[in-house]
Amino acid sequence: YLMGAVMGAGAAMVGIFSYMQRSVLTDPACVDQEKRENKKKKKKVKMGLRESAKFLLNSPYIRDLAILVISYGMCINIVEVSWKSKLKQAYPDPNAYSAFMGNFSSATGAVTLGMMLLGRTIFQKFGWRNAALVTPTMIGVTGLAFFALNIFAPTFAPVAAKLGTTPLMLAVLVGAAQNILSKSSKYSLFDPCKEMAYIPLDQDSKTKGKAAVDVVGNPLGKSGGSLIQQILIFGVGSLAAATPYLAVILGGLIFWWFKAANSLATQFEEAMEAE
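Taking this note's numbering, the leading residue of the sequence shown gets 35, the next gets one more, and so forth.
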């Protein structure tokens, strides 16, 4: 039944996509043909690493935006690798591990849906600045709590015993919460904040800014966390021994993230008021 449902949903998506391409996107009543033709004619700006780095150095606005992207990627990687290591210790049996990951995926989907529904309200009531600070706050609180449970496991043993579990399992659950909240807040708040930040820019800055963030921010965010962990493991011998250092680095990244987000929020608000 599950495979049939997946295949049916896939066929429905292909059918809807095909219908949109044939009937909706070619209908003058639905699409502005002039804008569509202009969009086709536009060439995508390609910037190399040197040009992107130079553009980031010369633009505080885009530089702050790139810091947000880099910080997110590095923080996620730093916590997730350690969490999966603990998860394998807690669930050495492959079937139990798969069952946990299935529940984890279901919880991620449910929380993401809830956050998507709340996202618009957060933007309307609290503004861009507070919406941009939700993601680093969630990652900072849950990520540092996860590392604390690993570093000070004996200290938390009585608390875990009262809850009917172990420090290891408690760390796994907090790490799962960190991953769920970070992913859900990314889709509902972080990504919309990032796209909204381009709105007040002129077309040239917007195009070059996106290209620079794609060339420098995304790869550095994804690979930077892995590089830090590899260096620490090489230096101290194991991921477990590197945990205290990773906690300090995570705290530094969150501070850097907050500073860039506040700076970008001030520039964004001033630019929006000027328009």
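Built from N, CA and C at the ideal position, the CB exists for glycine as well.
With DSSP as the reference, label residue 177 as helix, strand or coil. Counted from its first residue, the sequence shown places residue 177 at position 143. DSSP places residue 177 in helix when its eight states are reduced to three.
For residue 105, is the classification buried or exposed, using 16 other Cβ atoms within 10 angstroms of its Cβ as the cut-off for buried? The residue you call residue 105 lines up with position 71 of the sequence shown. Buried.
Between the C-alpha atoms of residue 236 and residue 242, what's the straight-line distance to the nearest angstrom? Here residue 236 corresponds to residue number 202 of the sequence shown, with the count starting at 1. Here residue 242 corresponds to residue number 208 of the sequence shown, with the count starting at 1. Computed Cα separation, rounded: 10 Å.
Quick check: the Cα distance between residue 152 and residue 158, rounded to an integer number of angstroms? Your numbering for residue 152 matches position 118 in the sequence shown. Your numbering for residue 158 matches position 124 in the sequence shown. Those two C-alpha atoms are separated by around 10 Å.
In whole angstroms, what is the alpha-carbon distance linking residue 293 and residue 55? Stepping through the sequence shown from its first residue, residue 293 is reached at position 259. Stepping through the sequence shown from its first residue, residue 55 is reached at position 21. Distance between the alpha carbons of residue 293 and residue 55: 44 Å.
If you draw a straight line from the C-alpha of residue 174 to the C-alpha of residue 212, how long is it? In the sequence shown, residue 174 corresponds to position 140, counting from 1. In the sequence shown, residue 212 corresponds to position 178, counting from 1. A direct Cα-Cα distance of roughly 9 Å separates residue 174 from residue 212.
Please give me, in chain order, every unbroken run of the alpha helix (DSSP H) with length at least 4 that falls completely inside the segment 172-228. 187-196 and 201-219
Which word fits residue 102, buried or exposed, when buried means at least 16 other C-beta atoms lie within 10 angstroms of its C-beta? Translated into the one-based positions of the sequence shown, residue 102 becomes position 68. Around the C-beta of residue 102, 16 or more other C-beta atoms lie within 10 Å, and the residue is accordingly described as buried.
Entirely enclosed beta strand (DSSP E) segments - the segment 104-184, minimum 3 residues: Counting only runs that start and end inside the segment 104-184, there is no beta strand (DSSP E) element of at least 3 residues.
How far does the alpha helix (DSSP H) with residue 297 in it extend, from its first residue to its last? Your numbering for residue 297 matches position 263 in the sequence shown. Unbroken alpha helix (DSSP H) run through residue 297: 273-308.
Would you tell me roughly how many angstroms separate the C-alpha atoms of residue 137 and residue 272, rounded to the nearest one? For the purposes of this step, residue 137 is taken as residue 103 along the sequence shown, with counting starting at 1. For the purposes of this step, residue 272 is taken as residue 238 along the sequence shown, with counting starting at 1. So the two alpha carbons sit approximately 29 Å from each other.
Could you give the residue range of the alpha helix (DSSP H) that holds residue 259? Residue numbering aside, residue 259 sits at position 225 when the sequence shown is read from its first letter. Taken as a continuous stretch (DSSP letters only), the alpha helix (DSSP H) holding residue 259 covers 252-270.
Among residues of its own chain, excluding the 5 on either side of residue 306, which ones have a beta-carbon nearer than 6 Å to its beta-carbon? Start at 1 with the first residue of the sequence shown, and residue 306 comes out as number 272. So the qualifying residues of the chain are 234.
First through last residue of the alpha helix (DSSP H) which encompasses residue 239: Against the sequence shown, residue 239 aligns to sequence position 205. Unbroken alpha helix (DSSP H) run through residue 239: 237-246.
Beta-carbon contacts of residue 287 that lie in its chain and below 8 Å, excluding the five residues immediately before and after: The sequence position of residue 287 within the sequence shown is 253, counting from 1. Close CB contacts of residue 287 within its chain, under the 8 Å cut and outside five residues either way in sequence, are with 105, 108, 109 and 112 (chain order).
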